[in-house]
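There are 2 protein chains.
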Amino acid sequence: MAERGRPRNFDKDAALARAMEVFWLKGYEGASMADLTSAMGIASPSLYAAFGSKEDLFRKALDYYVASEGGLIWGAVTETHTAHQAVETFLMQTARVFTRRSRPPGCLVVLSALHPNEHSETVRRELVQRRAQAVTELRERLRRGVERGEISPAADLDAIAKYYITVQQGMSIQARDGATRKQLEQIAAAALAAWGPLTAPTPTAH
Amino acid sequence: MAERGRPRNFDKDAALARAMEVFWLKGYEGASMADLTSAMGIASPSLYAAFGSKEDLFRKALDYYVASEGGLIWGAVTETHTAHQAVETFLMQTARVFTRRSRPPGCLVVLSALHPNEHSETVRRELVQRRAQAVTELRERLRRGVERGEISPAADLDAIAKYYITVQQGMSIQARDGATRKQLEQIAAAALAAWGPLTAPTPTAH
DNA sequence: CCAATTATTTAGTGATCGACACAGAAATGG
DNA sequence: CCATTTCTGTGTCGATCACTAAATAATTGG
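Those protein sequences? They're chains A and B, same order as listed.
Take 1320 as the starting number for the first sequence in this note's numbering and just add one per residue.
Take 1320 as the starting number for the second sequence in this note's numbering and just add one per residue.
The structure is reproduced here in structure tokens:
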């Protein structure tokens, strides 16, 4: 049973992947419909018929990004045994994923819409929420480290999670500025040097 | 001796300060001429006569920002005695300056132009350069810490400087997402927890 | 074959972008 | 007073923005 009517003559998933790359590179506002249709190889009426609107397309591209690119980082994190390994993997995978050739540097979730704007405010809020979700996921991973006796119960898990997410977000800027994978790994290693003091029974020495 | 011709009807410095706030909040591309003229209280021909073009205006606003807002951070840093105090002051002043009421959150230098774009490419490159300059300045401050015997000669000063600048850049994102001053200070404190391991004679334990 | 349905193509829509032409207003120099 | 200079207000330029109406093409159901 094929669909009724004229069949679409482009691959919807492939077009979405192209759109994701354009948003990733240029940001939500910075990606024009001309940029998108050109990269996707279709005319704008086809885009609107298939995806709804620019904002709808972005949200689908965002889901696609979180599933594919985000999965590369968080998938590896879930395979770790200790909380320390989880954070180390999180930052090292970040260094790798943020610096792949022929992929835009940095993170789409972090970079796509940082400024308040009438036309992109709902998109911006969605991204703020996704960034907060990353903190929650990392904090949950740390909590299991406390249960295993790996992290001091006195440790401020929310602060630690926010700290490492903040480092990752800074790495997006660094990647955009042309940092190499090795440089990002050095930054990650420096951030990991705080692990001992942060998770030890006596958390911070003033 | 007053100037020849009709005198300017507005305060140029005050208008520049308004323009800086608009660019700071909305970014370079996101700040429209309508936004700027409205905030500056002048019509566009007056803006072009006084400042040249949108890009010229941005560069003047950028200089103004670095001198005023940047001075709040780096001025305090230069008054410190130890390298550790310098980095601590750098991050704590950042937490304060990024979260002042009725000022846009985060840093203009970090947030204004992150995406490549035909119309803003020269501005973007200027900002990349300024961010690299921050690394250089911090690294230079660390170097004096080595001379004082405060930091191990084996420490990788460039990596340490890049690390703390990266944390500050991540704090710009966090500030944009609504982080409070206290939350940014907790992030700063967590980042400072790495200081001991990073600067001790045995820098990183693998 | 025909009707119904869906997609693509062509050619635009009004709105907004940064920038400016032009004329009038407000000052100085003589 | 007049000429010169500089700034301001009105209006608008061509380009680009996201988006779409209308006609045509390609498929299925009967």
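All C-beta atoms, glycine included, are put in the ideal place defined by N, C-alpha and C.
query = Does DSSP put Pro1516/A in a helix, in a strand, or in coil?
reply = It is helical.
message = Give me the residue from Glu1388/A, Leu1461/A, Gln1493/A and Ala1474/A with the minimum Cα distance to Val1428/B.
response = Scanning Glu1388/A, Leu1461/A, Gln1493/A and Ala1474/A for the CA closest to the CA of Val1428/B turns up Gln1493/A.
ask   = What is the DSSP secondary structure of Ser1471/B, reduced to helix, strand or coil?
value = In the three-state reduction of the DSSP assignment, Ser1471/B falls in the coil class, being assigned neither a helical nor a strand state.
task = Kindly provide the ranges of any alpha helix (DSSP H) runs that are 4 or more residues long and lie completely inside the segment 1347-1392 of chain B, ordered along the chain.
result = For the segment 1347-1392 of chain B, whole alpha helix (DSSP H) runs of length 4 or above, ordered along the chain, are 1352-1359, 1363-1370 and 1373-1384.
query = Do you know whose CA, among Leu1391/A, Arg1460/A, Lys1481/A and Ser1372/A, lies nearest Ala1451/A's CA?
reply = For the residues Leu1391/A, Arg1460/A, Lys1481/A and Ser1372/A, the minimum Cα distance to Ala1451/A belongs to Lys1481/A.
key: Closest residue to Ile1479/A among Arg1337/B, Gln1488/B, Gln1505/B and Arg1463/B (Cα-Cα distance)   = Nearest option by C-alpha distance: Gln1505/B.
message = Residues in the same chain with beta-carbon distance under 7 Å from Phe1377/A, minus the five sequence neighbours each way, listed in chain order, please.
response = For Phe1377/A, where only same-chain residues beyond five positions count, the Cβ hits under 7 Å are Phe1342, Tyr1347 and Val1442.
query = Which residues in the same chain have their Cβ closer than 8 Å to the Cβ of Arg1463/B, if we skip the five residues on either side of it in sequence?
reply = If we look at Arg1463/B and ignore the five residues flanking it on each side, its Cβ neighbours are Ala1402.
task = Measure from the alpha carbon of Ser1351/B to the alpha carbon of each residue in Thr1397/A, Pro1364/A and Asn1436/A, then state which is nearest.
result = Nearest option by C-alpha distance: Asn1436/A.
ask   = Arg1413/B lies in the alpha helix (DSSP H); which residues open and close that run?
value = Correcting the residue identity first, residue 1413/B is Thr in this sequence and not Arg. Thr1413/B -> alpha helix (DSSP H) spans Ala1402 to Val1416.
query = Counting only beta-carbon atoms, is Pro1520/B nearer than 7 Å to chain A?
reply = False, the Cβ-Cβ gap to chain A never drops below 7 Å.
query = Can you find a C-beta in chain B that's less than 7 Å from the C-beta of Pro1326/A?
reply = At a cut-off of 7 Å between beta-carbon atoms, Pro1326/A makes no contact with chain B.
task = Sort Arg1467/B, Leu1430/B and Thr1485/B by Cα distance to Tyr1384/B and report the nearest one.
result = Measuring from the Cα of Tyr1384/B, the nearest candidate turns out to be Leu1430/B.
ask   = For Ala1362/A, is the classification buried or exposed, using 16 other Cβ atoms within 10 angstroms of its Cβ as the cut-off for buried?
value = Classification for Ala1362/A: exposed.
query = Distance, Cα to Cα, Leu1503/B vs Leu1511/B?
reply = Per the coordinates, the alpha-carbon of Leu1503/B lies some 12 Å from the alpha-carbon of Leu1511/B.
task = Please list the partners that Ile1506/A has in chain B, where partner means a Cβ-to-Cβ separation under 8 Å.
result = Taking a Cβ-Cβ threshold of 8 Å, the residues of chain B close to Ile1506/A are Ala1478, Lys1481, Tyr1482 and Thr1485, in chain order.
task = Would you check if the segment 1327-1344 of chain B and the segment 1512-1519 of chain A touch, i.e. whether three or more CB-CB distances between them fall below 8 Å?
result = In short, these stretches do not touch, since the Cβ pair count stays below three.
key: Same chain, Cβ closer than 6 Å to Leu1355/A, neighbours up to 5 away in sequence not counted   = Taking Leu1355/A as the centre and dropping the five residues before and after it, the same chain places the C-beta of Ala1338 and Val1341 closer than 6 Å to its C-beta, in chain order.
ask   = Contact check, Tyr1483/A vs Phe1409/A under 8 Å by CB: the rounded distance?
value = With a contact defined as Cβ atoms closer than 8 Å, Tyr1483/A and Phe1409/A qualify at about 7 Å.
query = Along the segment 1427-1446 of chain B, what residues have a CB closer than 8 Å to any CB found in chain A?
reply = Answer in chain order: Val1429, Leu1430, Leu1433, His1434, Pro1435 and Asn1436.
inquiry  = Measuring straight from C-alpha to C-alpha, what distance separates Ala1507/A and Gln1487/A?
reply    = C-alpha of Ala1507/A to C-alpha of Gln1487/A: approximately 8 Å in a straight line.
message = Quick check on DSSP: helix, strand or coil for Thr1455/B?
response = In the structure shown, Thr1455/B sits in a helix (DSSP, three-state: H, G or I).
task = Compute the distance between the beta-carbons of Met1490/B and Thr1413/B, then report whether it is under 7 Å.
result = Yes.
key: CB contact below 7 Å: Thr1523/B versus chain A   = Note on Thr1523/B: pLDDT 49, under 50, position unreliable in the model; the coordinate value appears next. Residue contact check for Thr1523/B against chain A: a CB pair falls below 7 Å.
request  = Please go through the same chain and pick out, in chain order, the residues whose beta-carbon is closer than 7 Å to the beta-carbon of Met1411/B, but skip the five residues on each side of it.
outcome  = So the qualifying residues of the chain are Glu1504 and Ala1507.
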